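Asks: One structure is given below, represented as structure tokens, and several questions about it will come after.
Numbering (the working numbering), first residue to last: 1 to 478.
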């Protein structure tokens, strides 16, 4: 199939079948590699820490730095896709992700692992938003919620099989294979994308905003590094404060730089749209919990309850299985109740489900844990499907590139904050309880705190009009 070069506001030729499910399914299958890697490493952290002779809390640096690199390089993903073609960049990012995965597998210490994870983050920064950009430009708005459900179904297989596969690998084999298994996925993904995914390329590309890239990179890096080290004693308090001050300064300077700048790498004007603001800023409080939970569950089940990585994986995969089941029901639920009602009611359910994880004890029957995890996964996935779909309800076609980049960057940033917050909470709870080692009693309160944070999102969902995003879910059809 030849590459399709089309302006941003032109429809891409193709059958309705291809547009309806084939392209989102292929893009989602490629993203399987990224989601599989994320869930596998979360469950394998305790075992990897032991093999590398590191404290388990320090190993969360491997996750944080991946997300940091993603957040720093995300701003240029839309520009690069417009300049060189989304299909070409998408395939290149998959190859880079696979090669950096192999480097992770060969790492001999934490520094080497972190370096390789940063290259993974660079590749992931291109892979996710560029794939979503192809979908946004080839799918009518009225079909976008359904297409995004198809897009995320293959990607959700990562969380479903990741904990089990990762647990089995670190229990019965060598942890390094959790990275090597990305190689065949990358080969299959590149072949499918090359054969079927169109290359939507914008005709006119704005100049690269190097000042904006520098300021956003410094701002995001300072924020994540500062949050990673606050309260830990690894850096002097003055240095940590300097990181936050430098971050705030860089981001403030970017705000002044981006005002009335048509070529700014992040278009701040789209935050004036109530649906985009609710999705990105309101959704951030949900995604903080999403970033923290896999790390906290791995610590609770393996260190707090003494389960093996494989046993913990068998316990937690049910959460992602619930999320996968939900994907078939999200479009009709949204058509029936609308985005505003679903987001408000579901925010309460999701927050309570996060808190419920803190009630788990070693004596809790496994069937109760599985039920709570499955219910939590189901409603959490409904929330994120709603947020992702509604984000583009008021976005015009010429804004899609920057909107996709901005949304992806915010998601990566808040997830990295979630992981750093989880580690900080565990450290603080250990200090408060006068403990030198983590126990179940240390970890459980962190879930309650994380769950409470999600309720802040309700403040951003309340201002939404009742018909917000109806064009996306087909509610306005006769």
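Heads up, the beta-carbon is just placed ideally off N, CA and C, and yes, glycines get one too.
As the structure is a prediction and not an experimental result, all values here were calculated from the model.
1) So is residue 336 buried or exposed if we call it buried at 16+ other beta carbons inside 10 Å?
2) Is it buried or exposed for residue 69, if we count other Cβ within 10 angstroms and need 16 for buried?
3) Return yes when the Cβ of residue 81 is within less than 8 Å of the Cβ of residue 130, no when it is not.
4) Kindly give me the distance between the Cβ atoms of residue 96 and residue 66, rounded to whole angstroms, as I take these residues to be in contact under 8 Å.
5) Once you ignore the five residues that flank residue 263 on each side, which residues in its own chain have a CB closer than 6 Å to its CB?
6) Below 8 Å on the Cβ atoms is my guess for residue 356 versus residue 319; work out the distance and round it to an integer in Å.
7) Classify residue 261 as helix, strand or coil using the three-state DSSP reduction.
8) Assess contact between the stretch 272 to 289 and the stretch 398 to 411, defined as three or more Cβ pairs (one per stretch) separated by less than 8 Å. Is contact present?
9) I'd like the list of long-range same chain contacts for residue 451, defined as Cβ closer than 6 Å, with 5 residues on each side in sequence excluded.
10) When you compare only the Cα positions, how much space is there between residue 111 and residue 255?
11) Whole angstroms is fine: what's the gap from residue 428's alpha carbon to residue 448's?
12) Looking at C-alpha atoms only, which residue of 36, 75, 104, 56 is the closest neighbour of residue 405?
13) Just to confirm my understanding: we take residue 381, look at its own chain, exclude 5 residues before and 5 after, and list those with CB closer than 6 Å. What are they?
14) Determine the contact status of residue 37 and residue 101, defining contact as a CB-CB distance below 8 Å.
15) Can you list, in chain order, the residues of its chain with a C-beta nearer than 7 Å to that of residue 211? Leave out the 5 residues immediately preceding and following it.
16) Once DSSP output is grouped into helix, strand and coil, what is the label at residue 175?
17) Where do the N-terminal and C-terminal ends of the alpha helix (DSSP H) with residue 281 fall, by residue?
18) If we require 3 or more residues per run, which beta strand (DSSP E) segments fall completely within the stretch 22 to 74?
19) Using the Cβ count rule (16 or more neighbours within 10 Å means buried), how would you classify residue 108?
20) Distance, Cα to Cα, residue 50 vs residue 183?
21) Touching or not, the stretch 429 to 438 and the stretch 343 to 350, by the rule of three or more beta carbon pairs under 8 Å?
22) If you measure between the beta carbons of residue 316 and residue 469, is that distance less than 8 Å?
23) Just to confirm, are residue 32 and residue 127 a CB contact at a threshold of 8 Å?
Replies: Taking the structure as given:
1) exposed
2) buried
3) yes
4) Incorrect: roughly 13 Å between the Cβ atoms, too far for contact.
5) 206, 207, 209
6) At roughly 12 Å, the Cβ-Cβ gap does not stay under 8 Å, so residue 356 and residue 319 are not in contact.
7) coil
8) yes
9) 351, 354, 355
10) 34 Å
11) 14 Å
12) 75
13) 323, 326
14) yes
15) 257
16) coil
17) Premise fails: residue 281 is in no alpha helix (DSSP H) and is neither H nor E.
18) none
19) exposed
20) 25 Å
21) no
22) no
23) no
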